[in-house]
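In UniProt numbering, the protein residues as written are 1 to 460.
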């Protein structure tokens, strides 16, 4: 079946052209002037772009024995699709102590089958020994999971030697390490001191995970990356100091890639004082929300190319039964928040419509760069002839208000409640199939396919 997007403005990471776009079955087959197709969509005045790629989600995440993230791979990808995202890369959860790399991967392969859009995984590394490194090599080379995550904090924090060994293996295997960067010893110490002082209200939470704790860990990983001479990818960069270190490394010729998230561009730590902690715990996440000055640095870094991608770290928990447990003591609340549906509208409205970033930069940070960095380009993240017809159409004339009442996530609150956005996601196609239109899901359960990823086509 042929579908025609007619009279639109086609935008990619490096071009803006007035043209029609022709789809046949799952592929893009033409860009030019066309009149005939089985289905014709008039998108005059709208932008036709590659479907969004969210490089950082946590569907069905078992964060602890008590807490599991609210969205499964069905509801979470429905929210993604309605929001213009046609591919997610989900960060796999830890397994039990001593679990090998395949333990959680095998579980997630089953969980993700209900996805409505295409998906891939970042593996997770809990500990390092010779067997794990051998398994890592096999997975990266043969199983289509070419990126893994390791943490400098939490229960499975890596040591510098662990990181060094992983990076050496990634260099040999051709994979990419993604890292959650926060200094574990400092954050633990600051949390202990806060508890001793009776500072259990969530307004004290940001001080226990300060900018410097993130930036110090980023600096360490950049140095190890330079030592091994292999790229790294820093997830959810939030602190201005971290960006400055990343920028300096890039200026010195180092291959390093940085992601930020919508919440760090839009929200500040003032929210932790909302309504005497009752509202504030909704925004508890690691790293915490920062200051306006950090937002300014992040927006400039997106414009300048020093931050390559914008993800969401979508990891919502139900407020009524889970997040609210942190009202009296923030350490009792699970960390994470929703955002997969809102990312693209917010980035377009706040970024493009307010001239913080241009159209090409927008496409790069919400789609193309993730496709290149994580080995999916040009099949994903482009509008090239012969590639998957993953497409979103944005209507810049729309005005919408974000609300829990209209969201598709099962979470019982919205991080951006009441925010007005100056755009709408008009059409969303996943491999040529219409999966969303004007806020309504049109797709089907189990439509999404696992993406067998290649090694990165890095940006530098």
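We put the CB at the ideal spot given by N, CA and C, even for glycine.
How should residue i be labelled, buried or exposed, when 16 other C-beta atoms within 10 angstroms of its C-beta is the threshold for buried?
| i | result |
| --- | --- |
| residue 84 | buried |
| residue 216 | buried |
| residue 394 | buried |
| residue 451 | buried |
| residue 142 | exposed |
| residue 214 | buried |
| residue 456 | buried |
| residue 64 | exposed |
| residue 67 | buried |
| residue 206 | buried |
| residue 16 | exposed |
| residue 197 | exposed |
| residue 91 | buried |
| residue 276 | exposed |
| residue 42 | exposed |
| residue 44 | exposed |
| residue 357 | buried |
Kindly give me the distance between the Cβ atoms of residue i and residue j, rounded to whole angstroms, as I take these residues to be in contact under 8 Å.
| i | j | result |
| --- | --- | --- |
| residue 417 | residue 402 | 7 Å |
| residue 423 | residue 348 | 5 Å |
| residue 316 | residue 71 | 6 Å |
| residue 425 | residue 392 | 6 Å |
| residue 178 | residue 235 | 5 Å |
| residue 23 | residue 389 | 4 Å |
| residue 1 | residue 35 | With 8 Å as the limit, residue 1 and residue 35 do not qualify as a contact, their Cβ atoms being about 16 Å apart. |
| residue 122 | residue 313 | Rounded, the Cβ-Cβ distance is 12 Å, inconsistent with contact. |
| residue 203 | residue 272 | 5 Å |
| residue 81 | residue 404 | Actually they do not touch by this definition, with Cβ atoms about 18 Å apart. |
| residue 99 | residue 61 | The pair is not a contact, with the Cβ atoms about 15 Å apart (cut-off 8 Å). |
| residue 265 | residue 245 | Not a contact, Cβ separation roughly 19 Å. |
Would you check if the distance between the CB atom of residue i and the CB atom of residue j is smaller than 9 Å?
| i | j | result |
| --- | --- | --- |
| residue 53 | residue 86 | yes |
| residue 149 | residue 132 | no |
| residue 154 | residue 129 | no |
| residue 365 | residue 307 | yes |
| residue 340 | residue 409 | yes |
| residue 284 | residue 238 | no |
| residue 362 | residue 11 | yes |
| residue 137 | residue 172 | yes |
| residue 396 | residue 353 | yes |
| residue 247 | residue 337 | no |
| residue 181 | residue 146 | no |
| residue 399 | residue 407 | no |
| residue 200 | residue 322 | no |
| residue 49 | residue 383 | yes |
| residue 116 | residue 441 | yes |
| residue 139 | residue 101 | yes |
| residue 386 | residue 27 | yes |
| residue 260 | residue 224 | no |
| residue 292 | residue 268 | yes |
| residue 118 | residue 445 | no |
| residue 5 | residue 427 | yes |
| residue 8 | residue 18 | yes |
| residue 249 | residue 233 | no |
Could you give the DSSP three-state label for residue i: helix, strand or coil?
| i | result |
| --- | --- |
| residue 454 | coil |
| residue 189 | helix |
| residue 445 | coil |
| residue 68 | strand |
| residue 40 | strand |
| residue 428 | strand |
| residue 47 | strand |
| residue 20 | strand |
| residue 87 | strand |
| residue 348 | helix |
| residue 29 | strand |
| residue 307 | coil |
| residue 122 | strand |
| residue 389 | coil |
| residue 100 | coil |
| residue 440 | strand |
| residue 405 | coil |
| residue 95 | coil |
| residue 415 | coil |
| residue 52 | strand |
| residue 320 | coil |
| residue 286 | coil |
| residue 7 | strand |
| residue 14 | coil |
| residue 433 | strand |
| residue 106 | helix |
Closer than 9 Å, CB to CB, is residue i near chain D or not?
| i | result |
| --- | --- |
| residue 432 | Here there is only one protein chain, and chain D is not present. |
Length at least 3, wholly inside the segment 211-277: the beta strand (DSSP E) runs in chain order: 232-234, 256-261
Within the segment 124-168, ranges of the alpha helix (DSSP H) (whole runs, at least 4 residues): 130-142
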